[in-house]
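In the working numbering, the protein residues as written are 589 to 871.
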Ligand code: MG
Ligand code: MG
């Protein structure tokens with residue numbers, strides 16, 4: 589799915605540091621080079637599904653239409669949509685429109701209109717390995733402020749990804765995401781909220797694994813990054829507040845002030861050659 593709330597145990601262990609960090613590090617699933625190749629195969633399925641959705645998103649198309657397109661691509665590839673049935677989630681992708689941040693549920697009556705913004709989050713399982721990625725799409729003629737918000741969010745994601753190198757620390761990733769978001773806000777002459785209740789995560793044989801990857805943090809802090817770790821990096825920025833609410837459907841997260849939100853995500857392996865984006869489109 590999109591993202592995890594930060595578990596209380598993570599908050600406590602982050603504050604305890606030292607010993608807790610050593611214990612926590614042992615809980616991270618390490619992948620062999622062969623397993624990373626298998627995760628790349630799963631990631632390619634996610635990339636293909638998102639490419640098809642990107643191609644299809646236009647005024648008059650419903651979010652349920654996009655869901656059907658993504659599920660078709662995933663199943664045609666011999667994979668399984670990981671969101672479908674996840675903790676009861678009823679669809680194969682999350683579609684979050686305008687003030688919706690993440691975890692929106694596709695619906696036939698939710699028809700995209702000119703100038704809408706929709707974040708599409710997609711996950712697939714192939715041969716037991718998970719891929720998870722998200723894009724923000726601007727429908728029809730985009731609003732300039734939405735283009736800037738989406739570009740800033742994507743840039744923040746890539747700033748975080750660049751920090752996924754052996755010997756770095758988890759806090760370097762969080763700090764880079766936060767710094768890039770703030771830098772872009774200043775450059776755009778706007779205030780962007782960095783949603784902190786949700787964030788990235790380890791991924792592999794499950795979708796959501798240790799560690800939690802906050803989108804704000806301190807450089808030089810946290811777990812040491814090692815080759816074989818795979819993390820989903822997924823900033824969510826808003827055009828206003830960083831506060832969110834959850835709708836009565838139990839899933840959809842919206843901005844508390846009604847401002848629009850963007851969400852970008854890739855699943856990325858830490859390798860000796862640097863970060864490898866497993867959900868990048870085939871080149
Ligand atoms: Mg996701
Ligand atoms: Mg995710």
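The beta-carbon is built from N, C-alpha and C at its ideal position, and this holds for glycine as well. The structure displayed is predicted, hence computed values, not measured ones.
### Query
Can you tell which of 718, 845, 857 has the C-alpha that lies nearest to the C-alpha of residue 783?
845
### Message
The alpha helix (DSSP H) that contains residue 654, what's its start and end?
### Response
651-664
### Message
Less than 8 Å between the beta carbons of residue 638 and residue 721, yes or no?
### Response
yes
### Query
Beta carbon of residue 659: closer than 7 Å to some heavy atom of ligand 1?
no
#### Entry: Cβ distance (whole Å) where residue 827 is taken to contact residue 780 below 8 Å
7 Å
### Query
Nearest CA to the CA of residue 693: which residue from 716, 800, 654?
Per the Cα distances, 654.
### Task
Could you give the DSSP three-state label for residue 617: helix, strand or coil?
The answer is coil: DSSP assigns residue 617 none of H, G, I, E or B.
#### Entry: CB of residue 698 within 8 Å of CB of residue 685, strictly
Result yes, Cβ atoms of residue 698 and residue 685 sit closer than 8 Å.
### Query
Among 689, 857, 662, which has the Cα closest to the Cα of residue 715?
Residue 715 has its Cα closest to that of 662, out of 689, 857, 662.
### Task
Assess, as a yes-or-no matter, whether the stretch 761-769 is touched by the stretch 736-752 under the definition of 3 or more beta carbon pairs within less than 8 Å.
yes
### Through-space distance from residue 704 to residue 764, alpha-carbon basis
Rounded to the nearest angstrom, the two C-alpha atoms are 29 Å apart.
### Query
Can you name the start and end residues of the beta strand (DSSP E) that residue 784 belongs to?
It is not in any beta strand (DSSP E) - residue 784 carries neither H nor E in the DSSP assignment.
### residue 832 burial status per 10 Å Cβ neighbour count (16 or more: buried)
buried
### Query
If you draw a straight line from the alpha carbon of residue 806 to that of residue 756, how long is it in whole angstroms?
12 Å
### Message
Give me the residue from 791, 616, 710, 735 with the minimum Cα distance to residue 667.
### Response
710
### Query
Who pairs with residue 853 in a beta bridge, going by DSSP?
722
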